[in-house]
Structures are given as C-alpha cells and as structure tokens.
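Each residue of the sequence shown is one higher than the one before, counting from 1 in UniProt numbering.
Cβ coordinates follow ideal geometry from the N, Cα and C atoms, glycine included.
Predicted, not measured: the structure shown is a model, and the values here were computed from it.
Down below is the structure, laid out as structure tokens.
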Amino acid sequence: MHSVNQTLSPRSRLVLGGGWGQRPRSMSAELHETNTTFGDVPKYKLEISESQILDRDFTRHRERKTKIICAIGPSCWSVDMLGKLLDAGMNVARFNFSHGDHTVHGTALANLRAAVAQREHCHCAVLLDTKGPEIRTGALKHHTPIHLIAGQTLTITTDGDFEGDTSRIGCNYPHLATSVAPGSRILCDDGTLQLDVTACRSNEVDVKVLNSHVLEERKSMSLPGAKIRIPGITDKDKHDLVHFALPYAVDIVSGSFVRSAANVRAIRACLGDAGKHIRIHAKIESLEALENLDEILAEADGIHVSRGDLGMELQPEQVFLAQKLIIRKANIAGKPVVTSTQMLQSMTKCPTPTSAECSDVANAVLDGTDAVMLSAETAKGEFPVQAVATMSRICIEAEGSLNYSRLYAKTRDATPRPVSVCEAASSSGVEMALDVQAKLIVSLTDSGSSTLKIAKYRPEAFVVAVTASAHVARQLAGLSRYTNYASVFLNVVIGASRCFAR
C-alpha cells in the first residue's frame, strides 16, 4: 500500500496541515486528474438517470447498503424509541464514554437488546466510543467563567491544579511548552477561542488572544500540527474496556485520538484474549494520525473519519480532501470506514435537513464510506427517528447512481498484487455475480474476514453471511456496506480460510 506522501501527482498537490492560519506542513495526495482516478484509488463512476430524479418512490424500490450509526442519549434510550430507530434503519448503536457512567450506558444497552429481541431477524452492533486522551484547560477561580479580550496577553501554565483568571490559566498537559513554539496556534473550547503563542518557558507559555471569548473551566485544548506526548489509552479507557466492553459484550471499540498503530495495539492488549473478537476502529482526528494513516490502517479493523477534530488540525477547506483520501485508502485496504460529524446537524432542532447536509451525506456515500453517523441528531435531538429515516433515504438515492461494474474493475485494478487465495476467490465471486446479475452472494464465514473481502469489491448484489457467531453477524450487519443480511446461523460453520486450507 502506498503511503500518503506517495500519492503525489505532478498536476495537482494537496497540502494538509498547519492548522488555522499557520504555514501548512507538507503532505500530498492526488486529486481527480481524469474522470477515472483519485491517485491509485478508484473514483466511483456514476449512472444518473432522469427517471431516478423524477421518481418520487425510488427509495421505496431499493434496499440500503450503507450503514447508519446512531449515538445513544436521552432523546432515544428508551425501549420504545430504540425500537423506532431500529425500524427507521439504525444498524449500529454508539455509546459515547466521554459522557455518562457505566450504569447509564448499561441501562441503555439493556433497552437496546430488549428492542432488538422484539424484532425478528434484527441485528444491531454495539459500539463503545472511548473518551481517549484529552488536553483541557484547568479550573477557574470560584468556578467563574473569564472574559478574554482580543489582543490581550494570557499565560498558560502546565500546573493542572492552578485556578485560573483573566491573566493566567492552567492546563493538564505537562509537555505544552516543548510541544509548541512561538508562532504556533492553540485552539480552545472546540476552536471558538484562538490563541497565538508568543513565548515558551519551562512550564508555561505566553499567548496572544486573537478573538474575544468567554472561557469556562476545563474546556478542550487543541495544538494543531504538534506532536502530542500523551498516552494513546488512558486509565479511564482501560477501566471502560475491562469493566464494560468485555462484560457487556460490545462488538466494536472506537479508539479516540488514535495517532499511531501503537495506540491500536494498546487497545487490543487491554482487551486481551477475552476481547479478541471485538473489532477495533481508529478515529482519525489529527494531522499526526493522517500522516500515520497507512500503519493505522494495517493495524485497525476499521477507520472513522472524524471531521470535527480534523477541522481543528487542518484548514477547514481541506477537510473534504482528507475525507476522500481516508475513505479511498480504507476501501483499497478492505477496511470498513465511517464518516461522521454534523452530517444532519440541523435536524437536532428541525424536522428536515438542509440541502447542503443532504449533499454531504450523499457525497460521503459516493466517496465510498461504509457507514455514516448521527451524533447529536439522535442522542439529544428533537427528531431522532426522522433523522435516521432521512439519512436512509439519502443513502439509497446515492447508491442508485453507482455503476457497480466500473466500481469493481477500478477496485480490482487498484489492489496491490499478489493477493491471498481468499481475496482472489472473493474478487472472482463478485465478478461472476456481476456477469450473471445475481441478486445475492452467500458467504460462509467464521470470523467475517472472507465476507469483508467480498464486500471490498463492492458487489451490486447483497451478501448473505452464514455464520455460527452472533458477534460476527452483528459486526457484519453493522460494519460493511455490502452485508445487509448477516442473519443466517448454523451450529457449525467451516469458514473460507479453513476450506482453502483443506
């Protein structure tokens, strides 16, 4: 697999990084040079017809391939509401461990499983989203927010216990002074407060406030482009994995702020043999993770394009390029990829999305994402069911414009050789299904690996995964864009790898 820097085209250069207002750091990726390629990865040929545009019932005639992940929160965690989300199209339930405790999440998960049990042939994967390592500002005197004025000087100390005021605040990152330099940018409170570093000392940094802002205590702090020296997995993450992921039998762990393959291995080691069946996804949220994308892809079972945090590290107008790059590389690696952040954000308060949001979801599908995620829309929004139903219709419309024969050919041609026997058989099976216009492909699988190899080649037919593992059935039903019907169980199944071995 090519590295990010090897996808350079002489005719078009993408420079990623540097954060807001900084000189960008060099990273290259090839753009659409012709009508057929995005670097060494396929561009999806489209087949858009007038009849599809004019047919108001088009989405009723087709099954959706793209999966929908829903964040679970107060708006939807009752049995009744979770059942409605399942009926509307939810495939994966996301439990965000940045909020809530084990009791709250455990109750919501029990409600989810009760709702699933009420529905025949229903599968819903369970995803645990770790809190991950975070850099935050410290406490404030009397817990009172401070009003910072544009142009003023502010000192940030690495004393995490310091109670701040308008001239000096603390943070919980001991290496701040050596991670930034004069001219570096620091973003606080999800990027709403921008600071410019003017001086660094042993345990504190002077900054100039670039915009007026009311800062509350313990807000997020981002260092665009900096090499962060914090553990890939925190003590809280370890506790959540050992005391929730394992006993509550989650299917997927999504690692927050993964920066390297070592971070993925740390999560896997924490889960141990008892959690070896759990699939580990890496959230790409920083420039460092983007630079290490190839090694992360090789180690992780799936990838999340976390556009919100990426927008802190990159120029905002570059995030869509990073999205396309990550999705293409994940597609060729055969790893499921999820696109998230503000996809239907307006539906948190409104019953209908904006046209721009609809285009955003559709273009993620055309890019090749396996799943799209709803966050606040379902966790705390006023219209969670409508949001899921709307996203489902958008995905179906987008999928209806794909030319699967060309998509298969481009995926096959972009796959490095040699391939395994199992992958060769999977590729040939998809080609055969296209030639005979098959409606279904049946895959016998122990672990789901062979089924994911079939899905990599983007068949037009749906894939039936025959498996003896409930974990595998849920994972496939929730992960891969092309395995909607992973619901056939046998007591004993000989998977593809063992068949070839014999």
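Take the Cβ of Met312 as the centre, count every other Cβ of all protein chains shown within 10 Å, and call the residue buried at 16 or more, exposed below.
buried
With contact counted as at least three CB pairs below 8 angstroms, one residue from each stretch, are the region 345 to 354 and the region 370 to 387 in contact?
yes
Could you tell me which of Arg328, Ile252 and Ala266 sits nearest to Thr411, measuring between CA atoms?
Arg328
Would the region 230 to 237 and the region 149 to 167 be scored as touching if the rule is three or more Cβ pairs under 8 angstroms?
no
What residue ranges within the region 360 to 427 form continuous alpha helix (DSSP H) runs of no fewer than 4 residues, ordered along the chain?
376 to 379, 384 to 399 and 404 to 414
In or out: Ile149 buried (at least 16 other Cβ within 10 Å) or exposed?
exposed
Starting from the C-beta of Thr339, find all residues in its chain whose C-beta is less than 6 angstroms away, skip the five residues before and the five after it, and write them out in chain order.
Val305, Ala364, Thr369 and Val372
Count the other CB atoms, across all protein chains shown, that sit within 10 Å of the CB of Met432; report buried if there are 16 or more and exposed otherwise.
exposed
Burial state of Lys276 (16 or more Cβ within 10 Å):
exposed
Leaving aside the five residues before and after Arg218 along the sequence, list all residues of the same chain whose C-beta is less than 8 angstroms from its C-beta, in chain order.
Arg136, Thr137, Gly138 and Ala139
Please look up how many angstroms separate the CB atoms of Ile68 and Ser392, rounded, as I've assumed it's under 8 angstroms.
6 angstroms
Taking C-alpha atoms, which residue in Lys283, Ile332, Lys238 and Asp360 lies nearest to Ile394?
Asp360
Hey, quick one: how far does the beta strand (DSSP E) through Asp161 stretch, first residue to last?
No beta strand (DSSP E) contains Asp161, which DSSP labels as neither H nor E.
Please state whether DSSP places Glu285 in a helix, a strand or coil.
coil
In angstroms, rounded to a whole number, what distance separates the CA positions of Ser447 and Ser184?
46 angstroms
Are Leu127 and Phe95 touching if we call contact CB-CB under 8 angstroms?
yes
Straight-line Cα distance separating Arg265 from Ala249:
20 angstroms
First and last residue of the beta strand (DSSP E) that includes Lys276?
Premise fails: Lys276 is in no beta strand (DSSP E) and is neither H nor E.
Measure the alpha-carbon distance for Asp413 versus Tyr457 and round it to whole angstroms.
11 angstroms
Residue from Met90, Ala88 and Lys236 whose Cα sits closest to the Cα of Gly100
Lys236
Helix, strand or coil, according to DSSP, for Phe97 in the structure here?
coil
For a minimum of 4 consecutive residues, which ranges assigned as the alpha helix (DSSP H) are wholly contained in the region 134 to 211?
176 to 179
Would a C-beta distance cut-off of 8 angstroms place Ala322 and Leu366 closer than the cut-off?
no
Own chain partners of Asn172 with C-beta closer than 6 angstroms, once the 5 adjacent residues on each side are dropped
Arg136 and Gly160
Looking only at its chain, what residues have a beta carbon closer than 8 angstroms to the beta carbon of Pro418, apart from the 5 residues adjacent to it on each side?
none
Does the beta-carbon distance from Thr192 to Leu176 come in below 8 angstroms?
no
Using DSSP bridges, identify the partner residues of Ile441.
Val463
Would you call Glu317 buried or exposed, if buried means 16 or more other Cβ atoms sit within 10 Å of its Cβ?
exposed
So Glu134 and Ser78 are in contact, right, with Cβ under 8 angstroms, and what is the actual spacing, rounded?
Not quite, the Cβ-Cβ distance comes to about 30 angstroms (not below 8 angstroms), so this is no contact.
Rounded C-alpha distance that separates Arg268 from Ala274:
10 angstroms
Let me confirm a value: Gln475 is counted as buried when at least 16 other C-beta atoms fall within 10 Å, else exposed. Which label applies?
buried
What three-state label does DSSP hand His102 in the structure shown?
helix
Run of the beta strand (DSSP E) containing Ile68, from where it starts to where it stops
Lys67 to Ala71
Indicate whether Ile252 and Ala379 have their beta-carbon atoms separated by less than 8 angstroms.
no
Which residues mark the beginning and the end of the alpha helix (DSSP H) in which Ile326 is found?
Val319 to Ala333
Gly302 and His281 closer than 8 angstroms at C-beta
yes
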